[in-house]
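Undergrad: Residues in the sequence shown are numbered from -19 upward in steps of one, following the numbering used here. Sharing a structure, written as structure tokens. Questions coming.
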Amino acid sequence: MKITLLTFGSRGDVQPFVALAKGLLRAGHTVKLAAPQRFAGFCAQHGVSFAPLPGDPEVISRRLNSAGRNPFKMVSGMYSYVMEIAAQVLRASYAACHDADLVVHSFLFTSGGHAFARQRGIPDVSVQIFPMFAPTRAFPNPAAAHLPTGLPSYFSHAFSTFVFHRFGNLGYHRLLAGDKSLPRLKMGWPFNEGTPLLMAFSPHVVPRPAEWERPGIHMPGYLYLDESEAYQPPVELSRFLEAGEAPVCVTFGSMIHAEAERIHAAVREALAQTGSRAVILSGWGGAQAVDMGKDVLYMEAAPHDWLLPRCKFVVHHGGSGTTAAGLRAGIPAVVLPHAADQPFWGQRVAAIGAGPAPMDLRKLTGQSLATAFEQAAAQQIRDRAAELGSLLRAEDGVGNAVKLIGGMFGGT
């Protein structure tokens, strides 16, 4: 089959689709991945055919961080930027599907990817890296992680689904009213029209709810991208790791926070109080290197599947991809959620025993973070994290997803 994958967002939104693309290629399919232009080199490095999309996902990161934990501000901030670039993205992504036999789409393409497939008379699959569009009483929608289980949780899923579908339709018709040259699409809701939904995370982390036992919802596991074999660490990193005990890894990925300096000051204080060595990955937030002597190494980035197994625990923002990488490495996590679905993943880490409770950035101090470091180092949490790591390394999410897709829509 010729398969087009559509995704938009930060590296955490793109990397699982690169992993899936490579799995589909190994199975004999012809694959194209449409994603933001900044990931062209990343896809080329992994031998994945690439269709560039306009727009800068850094802008979304800034707006989500400005919204904090307010779900209405999250939707508003994301919607306003999406509408700025939507016409260009619509044209480019629609063109990327011109010769496809199947469209596989992510969160932001849930409505659009389905509409492209309908227009061309081909099937589609939705792949979600967080629990969306399948209401359950077992846990709340990730954007409303503070809600209790039961009816409030079910309502949060139903409401977010309604808002997403409604805003998507209104946005498309608003675009069409201003530009008659755009493709004319029928904007149906995929999950009312038979589109399979693949929840790309592990049941060891999010147990499958009873409501998801119905046909059409699948949990293949995480879509991990293995980069460790090809990675050649810089000399300074190798020497640092060899020079002492396993360090803490500190990474906030694509997060760009207005109070980044205050957060990093608390991190440095906690490291000093606990006498911990650390590798600090600056990411998109660009953490400024501060001389803390030989026990702290600053780097822009390193593959998580290579670095994290060499660390004693990880301090991160709670992004779905970083959460998955830390759990697979079998190390505890201290989660400092910034925005969006991150409080949800922080709560899941604590619920499964792989780390302390997620921390509130508004109340973060060096002392409170040092206490969390000590909790993460407790033997019970370390043992549980190691156990989960073994379970996740035994899963083959990419292989399971490829078999599901092949089984539903035929072979090569």
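Think of the CB as a built atom: it goes at the ideal place given N, C-alpha and C, for glycine as much as any other residue.
Taking DSSP as the reference, what is the three-state secondary structure of Leu384?
TA: Here residue 384 is taken as the residue at index 404 of the sequence shown, counted from 1. Of the three classes helix, strand and coil, the one that applies to Leu384 here is helix, per DSSP.
Undergrad: Out of curiosity, what's the CA-to-CA distance linking Val105 and Arg71?
TA: Position 125 of the sequence shown, counting from 1, holds the residue named residue 105. Position 91 of the sequence shown, counting from 1, holds the residue named residue 71. Going from the Cα of Val105 to the Cα of Arg71 covers about 20 Å.
Undergrad: On the DSSP bridge assignment, give the partners of Cys229 in chain order.
TA: The count along the sequence shown starts at 1 and reaches residue 229 at position 249. Cys229 pairs with Val259 and Val294.
Undergrad: Using a Cβ-Cβ cut-off of 6 Å (strictly less than) and excluding sequence neighbours within five positions of Gly333, which residues of its own chain qualify?
TA: The residue labelled residue 333 in the question sits at position 353 within the sequence shown. Cβ within range, chain order: Arg364.
Undergrad: Is the region 77 to 93 touching the region -13 to 2, taking contact as three or more C-beta pairs under 8 Å?
TA: These segments touch.
Undergrad: Using 8 Å as the Cβ pair cut-off and three pairs as the minimum, do the region 243 to 253 and the region 345 to 354 touch?
TA: With a cut-off of 8 Å, the region 345 to 354 and the region 243 to 253 count as touching, because enough Cβ pairs lie within range.
Undergrad: Would you say the region 198 to 211 touches the region 122 to 133, given that touching needs at least three Cβ pairs under 8 Å?
TA: The region 198 to 211, when compared against the region 122 to 133, does not touch it at the 8 Å Cβ threshold.
Undergrad: Measuring straight from C-alpha to C-alpha, what distance separates Pro32 and Ala20?
TA: Here residue 32 refers to the residue found at position 52 of the sequence shown. Here residue 20 refers to the residue found at position 40 of the sequence shown. Distance between the alpha carbons of Pro32 and Ala20 is about 7 Å.
Undergrad: Does DSSP put Asp395 in a helix, a strand or coil?
TA: Residue numbering for the chain in the displayed model covers -19 to 392; residue 395 lies beyond these limits and cannot be assessed.
Undergrad: Any idea if Met(-19) is buried or exposed, counting beta-carbon neighbours within 10 angstroms, 16 or more meaning buried?
TA: The residue given as residue -19 occupies position 1 in the sequence shown. When all chains shown are included, Met(-19) counts as buried.
Undergrad: Just the C-alpha distance for Ala14 and Ser73, rounded to the nearest angstrom, thanks.
TA: By one-based count along the sequence shown, residue 14 stands at place 34. By one-based count along the sequence shown, residue 73 stands at place 93. Near 7 Å, if we compare the C-alpha coordinates of Ser73 and Ala14.
Undergrad: CB-CB under 7 Å to Phe389, same chain, minus the five flanking residues each way: which ones, in chain order?
TA: Along the sequence shown, read from residue 1 onward, the residue named residue 389 stands at position 409. Result list for Phe389: Met(-19), Leu82 and Pro103, in chain order.
Undergrad: Where does Thr303 land, buried or exposed, given buried means 16+ other C-beta within 10 angstroms?
TA: Working through the sequence shown from its first residue, we reach residue 303 at position 323. By the 10 Å Cβ count, Thr303 comes out buried.
Undergrad: Is Ala281 buried or exposed, if buried means 16 or more other CB atoms sit within 10 Å of its CB?
TA: As a working mapping, residue 281 is identified with position 301 in the sequence shown. Per the 10 Å Cβ criterion, exposed.
Undergrad: Taking the alpha-carbon positions, what's the Met199 to Leu341 distance?
TA: Here the question's residue 199 lines up with position 219 in the sequence shown. Here the question's residue 341 lines up with position 361 in the sequence shown. Those two C-alpha atoms are separated by around 31 Å.
Undergrad: Under the three-state reduction of DSSP, which class applies to Val185: helix, strand or coil?
TA: Locating residue 185 in the sequence shown gives position 205, counting from the first residue. Three-state result, Val185: coil.
Undergrad: Helix, strand or coil: which one does DSSP assign to Ile361?
TA: Taking the sequence shown and counting its residues from 1, the one referred to as residue 361 is at position 381. Helix, per DSSP.
Undergrad: In terms of residue numbering, what span does the alpha helix (DSSP H) encompassing Thr351 cover?
TA: Here residue 351 is taken as the residue at index 371 of the sequence shown, counted from 1. Run containing Thr351: Gly346 to Ala356, per the alpha helix (DSSP H) assignment.
Undergrad: Per DSSP, His198 forms a beta bridge with which residues?
TA: Within the sequence shown, residue 198 is the residue found at index 218, counting from 1. Paired residue(s): Leu178.
Undergrad: Can you find the residues in the same chain that come closer than 7 Å, C-beta to C-beta, to Leu307, ignoring five residues on each side of it along the sequence?
TA: Taking the sequence shown and counting its residues from 1, one reaches residue 307 at position 327. Here the set comprises Val185, Ala334, Leu368, Gly369 and Leu372.
Undergrad: Between which residues of its own chain and Gln402 is the CB-CB distance below 7 Å, once the five residues before and five after are set aside?
TA: Absent from the model: residue 402. The displayed extent of the chain is -19 to 392, so no value can be given.
Undergrad: For Tyr278, which beta-bridge partners are listed by DSSP?
TA: Residue mapping note: residue 278 aligns to position 298 of the sequence shown, counting from 1. According to DSSP, Tyr278 bridges with Ile260.
Undergrad: According to the neighbour-count rule (16 or more other Cβ atoms, all chains shown, within 10 Å of its Cβ), is His153 buried or exposed?
TA: Taking the first residue of the sequence shown as 1, we reach residue 153 at position 173. With fewer than 16 other Cβ atoms within 10 Å, it is exposed.
Undergrad: By the three-class DSSP mapping on this structure, what secondary structure does Ala80 have?
TA: In the sequence shown, residue 80 corresponds to position 100, counting from 1. Coil.
Undergrad: Rounded to whole angstroms, what is the Cα-Cα separation between Gly101 and Phe30?
TA: The residue given as residue 101 occupies position 121 in the sequence shown. The residue given as residue 30 occupies position 50 in the sequence shown. Going by the C-alpha atoms only, they are around 23 Å apart.
Undergrad: State the Cα-Cα distance for the pair Ala337 and His296, rounded to the nearest angstrom.
TA: Here residue 337 refers to the residue found at position 357 when the sequence shown is read from its first residue. Here residue 296 refers to the residue found at position 316 when the sequence shown is read from its first residue. Taking the straight line from one Cα to the other gives about 13 Å.
Undergrad: Can you give the beta carbon distance from His78 to Thr175, rounded, assuming they're within the 8 Å contact cut?
TA: Here residue 78 refers to the residue found at position 98 when the sequence shown is read from its first residue. Here residue 175 refers to the residue found at position 195 when the sequence shown is read from its first residue. Not confirmed; about 20 Å, so no contact.
Undergrad: Can you give me the Cβ contacts of Ala330 inside the same chain, cut-off strictly under 7 Å, excluding the 5 residues immediately before and after it?
TA: Sequence index remark: in the sequence shown, residue 330 carries index 350 (1-based). Cβ neighbours of Ala330 beyond the five flanking positions: Pro336, Ala337 and Pro338.
Undergrad: My output table needs one value for Ala72: the three-state DSSP class, helix, strand or coil.
TA: Position 92 of the sequence shown, counted from the first residue, corresponds to residue 72. Helix at Ala72.
Undergrad: Assuming Thr116 and Pro189 are in contact, meaning their beta carbons sit under 8 Å apart, how far apart are those beta carbons, in whole angstroms?
TA: As a position in the sequence shown, residue 116 is number 136, starting the count at 1. As a position in the sequence shown, residue 189 is number 209, starting the count at 1. Between Pro189 and Thr116 the Cβ distance is about 4 Å, and since that is below 8 Å, they are a contact.
Undergrad: Opposite Leu33 in the DSSP bridges: which residues?
TA: Here residue 33 is taken as the residue at index 53 of the sequence shown, counted from 1. Answer is Pro16, bridged to Leu33.
Undergrad: Between the C-alpha atoms of Lys343 and Leu349, what's the straight-line distance to the nearest angstrom?
TA: Looking up residue 343 in the sequence shown gives position 363. Looking up residue 349 in the sequence shown gives position 369. In a straight line, the C-alpha of Lys343 is about 10 Å away from that of Leu349.
Undergrad: Measuring only the C-alpha atoms, how far is His26 from Arg6?
TA: Stepping through the sequence shown from its first residue, residue 26 is reached at position 46. Stepping through the sequence shown from its first residue, residue 6 is reached at position 26. Spanning the two alpha carbons is a distance of roughly 12 Å.
Undergrad: On the DSSP bridge assignment, give the partners of Ile(-17) in chain order.
TA: As a working mapping, residue -17 is identified with position 3 in the sequence shown. Answer is Val11 and Leu82, bridged to Ile(-17).
Undergrad: How is the alpha helix (DSSP H) around Val28 delimited, first residue to last?
TA: Translated into the one-based positions of the sequence shown, residue 28 becomes position 48. No alpha helix (DSSP H) holds Val28; DSSP gives it neither H nor E.
Undergrad: Quick one: grab the DSSP three-state call for Gln253.
TA: Within the sequence shown, the letter at position 273 stands for residue 253. Helix, per DSSP.
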